[in-house]
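Here the structure comes first, spelled out in structure tokens, and everything after it is commentary.
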Amino acid sequence: SSAGVIINDGGHANCDFKVESENEDEAIFLNSDTNTLYINKGNSSFATHIHSTNAVAISVGANGPIFNDDGNSENDFRIESDNNTHMFYVNSGTDRISMGTAGASPSSTLHVEAADTTATVHIAHFECTESAVETADVLVRMDFSADADVDGARAISFHDSGGEIGSVTLDGNATAFNTSSDYRLKTD
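Every number in the working numbering is 101 more than the matching position in the sequence shown, counting from 1.
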């Protein structure tokens, strides 16, 4: 039989497995009683690297976990939820992030999308729970930080399935709120 190396073949609760390093006596520790696998159980100065077929995928060291530290364009990062395989996704090759139902091909640096047709959908919720909001408090800030005269740029563009239906544009020191014609805007 070519079963390889089997440790604790009988599954005994008092037969732990331990690998030591020079500075860590439990570099790898399998507690068979609690069915728990520890890596660097003693919290020593010990680096852990998990490789994929595209070099190091995850590194864990003194500064915490780093995903794709080598910057490989094939080492994407994905978090699944109960109903979405790409609830949070970093596409390493395009330097883009998607959240929600945007999937593996985000169309901008940050692409957030929801595709719920059964209920009211809130794609983003920003809330300040400060009891005394002051002049200097800002809930959302958008910057064109390298241009002193933004010259007609769209800060916000509103769309439906037929295309753009409104926008907030900037021009120098002015802000314009542009919308389709609505009789309520023409009264008083």
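Note that CB positions come from ideal geometry on N, CA and C, so glycine has one too.
Assigned with DSSP and collapsed to three states, S268 falls in strand. Membership of A156 in the beta strand (DSSP E) is indicated by the continuous run 156-162. Apart from the 5 residues on each side of it in sequence, A216 sits with its Cβ closer than 6 angstroms to the Cβ of T202 in its chain, given in chain order. Rounded to whole angstroms, the separation of the alpha carbons of D244 and D250 is 12 angstroms. Here the alpha carbons of R179 and T236 stand approximately 39 angstroms from one another.
The closest CA to that of D110, considering only N124, T186, K119, S133, is found on S133. Rounded to whole angstroms, the separation of the alpha carbons of N173 and M200 is 21 angstroms. Here the alpha carbons of S193 and N164 stand approximately 21 angstroms from one another. Going by beta carbons, K142 and E123 fall outside the 9 angstroms limit. As a beta-bridge residue in DSSP terms, K119 pairs with F130.
Burial state of Y190 is buried, judged by a 10 Å Cβ sphere holding 16 or more other Cβ atoms. Looking at the DSSP output, T210 sits in no beta bridge, so it has no partner there.
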